[in-house]
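In my numbering, the protein residues as written are 1412 to 1558.
Cβ atoms here follow ideal geometry from the backbone N, Cα and C, with glycine treated the same way.
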Amino acid sequence: MITIPKCQRFKSSASVWDRILRGWPIAGRLCQECMEDHGSQQYCTRNDVTRCKDYEPYCMNIVTVNTAGPNRVVTTVKTCATESVCKSEWWEKSRLSDECMSNRTEPPQGEDEIICNYCCQTADNASTACNFLGIPPPTERIVMERP
(Lines of atoms letter the chains of each structure in order from A and count residues from 1; the text may use other names and numbers.)
(Lines give C-alpha, C1' and ligand atoms only; values in the text may rest on other atoms or scores of the structure.)
Protein backbone atom coordinates (compact mmCIF):
# COMPACT_ATOMS: atom_id res chain seq x y z
CA MET A 1 0.00 0.00 0.00
CA ILE A 2 1.31 3.44 -0.92
CA THR A 3 1.04 6.05 1.83
CA ILE A 4 0.50 9.58 0.60
CA PRO A 5 1.99 12.22 2.91
CA LYS A 6 -0.58 14.27 4.81
CA CYS A 7 0.33 17.48 2.96
CA GLN A 8 -0.43 15.83 -0.40
CA ARG A 9 -3.72 14.32 0.77
CA PHE A 10 -5.00 17.71 1.88
CA LYS A 11 -7.45 19.15 -0.65
CA SER A 12 -9.11 22.49 -0.05
CA SER A 13 -9.90 25.71 -1.82
CA ALA A 14 -8.86 27.65 1.31
CA SER A 15 -6.12 30.22 0.77
CA VAL A 16 -2.67 29.78 2.29
CA TRP A 17 -3.52 32.42 4.90
CA ASP A 18 -6.73 30.56 5.83
CA ARG A 19 -4.67 27.40 6.29
CA ILE A 20 -2.12 29.17 8.49
CA LEU A 21 -4.78 30.83 10.66
CA ARG A 22 -6.66 27.55 11.09
CA GLY A 23 -3.48 25.56 11.73
CA TRP A 24 -4.05 23.41 8.64
CA PRO A 25 -1.07 21.84 6.83
CA ILE A 26 0.47 23.76 3.95
CA ALA A 27 1.83 21.77 1.02
CA GLY A 28 5.57 22.03 0.38
CA ARG A 29 7.06 24.21 -2.32
CA LEU A 30 7.48 22.97 -5.88
CA CYS A 31 10.91 21.87 -7.15
CA GLN A 32 12.13 19.73 -10.01
CA GLU A 33 13.88 16.56 -8.85
CA CYS A 34 15.80 14.93 -11.68
CA MET A 35 19.14 14.80 -13.50
CA GLU A 36 19.97 16.32 -16.87
CA ASP A 37 22.86 15.02 -18.96
CA HIS A 38 23.40 17.43 -21.82
CA GLY A 39 25.79 15.07 -23.62
CA SER A 40 23.20 12.31 -23.94
CA GLN A 41 20.40 14.87 -24.36
CA GLN A 42 18.59 13.58 -21.27
CA TYR A 43 16.57 16.50 -19.90
CA CYS A 44 14.12 17.03 -17.07
CA THR A 45 10.46 17.57 -17.91
CA ARG A 46 7.52 19.25 -16.23
CA ASN A 47 6.56 15.77 -14.96
CA ASP A 48 9.66 15.83 -12.72
CA VAL A 49 8.13 18.50 -10.46
CA THR A 50 7.53 17.44 -6.87
CA ARG A 51 6.41 18.99 -3.58
CA CYS A 52 9.33 19.21 -1.19
CA LYS A 53 9.18 18.33 2.46
CA ASP A 54 8.70 21.24 4.88
CA TYR A 55 12.31 20.98 6.09
CA GLU A 56 13.55 21.40 2.48
CA PRO A 57 11.98 24.73 1.47
CA TYR A 58 14.50 25.49 -1.30
CA CYS A 59 15.23 24.13 -4.75
CA MET A 60 18.86 23.45 -5.65
CA ASN A 61 20.56 22.87 -8.98
CA ILE A 62 24.04 21.35 -8.97
CA VAL A 63 25.66 22.12 -12.34
CA THR A 64 28.85 20.23 -13.18
CA VAL A 65 31.03 20.99 -16.21
CA ASN A 66 33.72 18.35 -16.77
CA THR A 67 36.40 18.51 -19.46
CA ALA A 68 38.58 15.60 -18.26
CA GLY A 69 37.68 13.32 -21.19
CA PRO A 70 37.60 13.87 -24.94
CA ASN A 71 34.29 15.76 -24.74
CA ARG A 72 32.95 18.45 -22.44
CA VAL A 73 30.21 16.95 -20.23
CA VAL A 74 27.58 19.10 -18.53
CA THR A 75 25.22 17.56 -15.98
CA THR A 76 22.61 19.22 -13.79
CA VAL A 77 21.13 17.58 -10.71
CA LYS A 78 17.91 19.25 -9.54
CA THR A 79 16.58 18.61 -6.05
CA CYS A 80 14.95 19.96 -2.90
CA ALA A 81 17.35 21.37 -0.30
CA THR A 82 17.57 22.49 3.30
CA GLU A 83 18.48 25.99 4.40
CA SER A 84 21.86 24.82 5.74
CA VAL A 85 22.84 23.15 2.45
CA CYS A 86 21.85 26.22 0.43
CA LYS A 87 23.72 28.48 2.82
CA SER A 88 26.97 26.49 2.63
CA GLU A 89 26.94 25.42 -1.03
CA TRP A 90 25.20 28.37 -2.74
CA TRP A 91 25.47 31.42 -0.51
CA GLU A 92 28.98 30.87 0.89
CA LYS A 93 30.61 29.17 -2.15
CA SER A 94 29.04 29.35 -5.61
CA ARG A 95 27.60 32.86 -5.21
CA LEU A 96 31.13 34.14 -4.56
CA SER A 97 32.72 32.18 -7.42
CA ASP A 98 33.57 33.99 -10.67
CA GLU A 99 33.23 30.71 -12.58
CA CYS A 100 29.70 30.15 -11.29
CA MET A 101 28.42 33.71 -11.55
CA SER A 102 29.86 34.60 -14.97
CA ASN A 103 28.05 31.70 -16.69
CA ARG A 104 31.37 30.32 -17.94
CA THR A 105 31.07 27.05 -19.77
CA GLU A 106 34.66 25.87 -19.28
CA PRO A 107 36.62 25.13 -16.08
CA PRO A 108 39.45 27.51 -15.13
CA GLN A 109 42.82 26.92 -16.81
CA GLY A 110 44.49 23.81 -15.39
CA GLU A 111 41.30 22.37 -13.90
CA ASP A 112 39.04 19.66 -15.29
CA GLU A 113 35.80 20.49 -13.53
CA ILE A 114 33.52 23.28 -12.29
CA ILE A 115 30.77 22.48 -9.78
CA CYS A 116 28.25 25.26 -9.14
CA ASN A 117 25.27 25.11 -6.80
CA TYR A 118 22.29 27.45 -7.22
CA CYS A 119 19.39 27.75 -4.76
CA CYS A 120 16.02 29.36 -5.32
CA GLN A 121 12.62 29.32 -3.66
CA THR A 122 9.41 28.80 -5.59
CA ALA A 123 6.62 31.22 -4.70
CA ASP A 124 3.64 29.75 -2.83
CA ASN A 125 1.27 30.38 -5.74
CA ALA A 126 3.66 29.38 -8.55
CA SER A 127 2.60 26.80 -11.12
CA THR A 128 6.15 25.75 -12.00
CA ALA A 129 9.36 25.18 -10.06
CA CYS A 130 11.93 27.99 -9.73
CA ASN A 131 14.71 25.54 -10.70
CA PHE A 132 13.18 24.67 -14.08
CA LEU A 133 16.15 26.32 -15.86
CA GLY A 134 19.67 25.01 -15.26
CA ILE A 135 20.65 28.30 -13.64
CA PRO A 136 17.69 29.93 -11.89
CA PRO A 137 17.05 33.57 -12.86
CA PRO A 138 18.71 36.11 -10.52
CA THR A 139 15.31 37.32 -9.33
CA GLU A 140 14.48 33.84 -8.01
CA ARG A 141 17.83 32.97 -6.41
CA ILE A 142 17.67 33.07 -2.63
CA VAL A 143 19.39 35.65 -0.48
CA MET A 144 20.54 34.38 2.90
CA GLU A 145 20.68 36.61 5.95
CA ARG A 146 24.13 37.35 7.25
CA PRO A 147 24.85 35.77 10.67
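Can you name, in chain order, every residue of its own chain whose Cβ lies under 7 Å from the Cβ of Cys1445, other than the five neighbours on each side? Excluding residues up to 5 positions away in sequence, Cys1455, Asp1459 and Lys1489 lie with their Cβ nearer than 7 Å to the Cβ of Cys1445 in the same chain.
Identity of the residue in Gly1450, Asp1535 and Thr1493 nearest Tyr1529 by Cα: Ranked by how close their Cα comes to the Cα of Tyr1529, the residues Gly1450, Asp1535 and Thr1493 have Thr1493 in first place.
Thr1475 and Glu1524: beta carbons closer than 8 Å? In contact: Thr1475 and Glu1524 (Cβ atoms closer than 8 Å).
Which stretch, first to last residue, makes up the alpha helix (DSSP H) that contains Asp1509? Its alpha helix (DSSP H) spans residues Asp1509 to Met1512.
Candidates Asp1509, Trp1502, Ser1495 and Glu1522: which alpha carbon is nearest Arg1483's? Checking every option, the nearest Cα to that of Arg1483 belongs to Glu1522.
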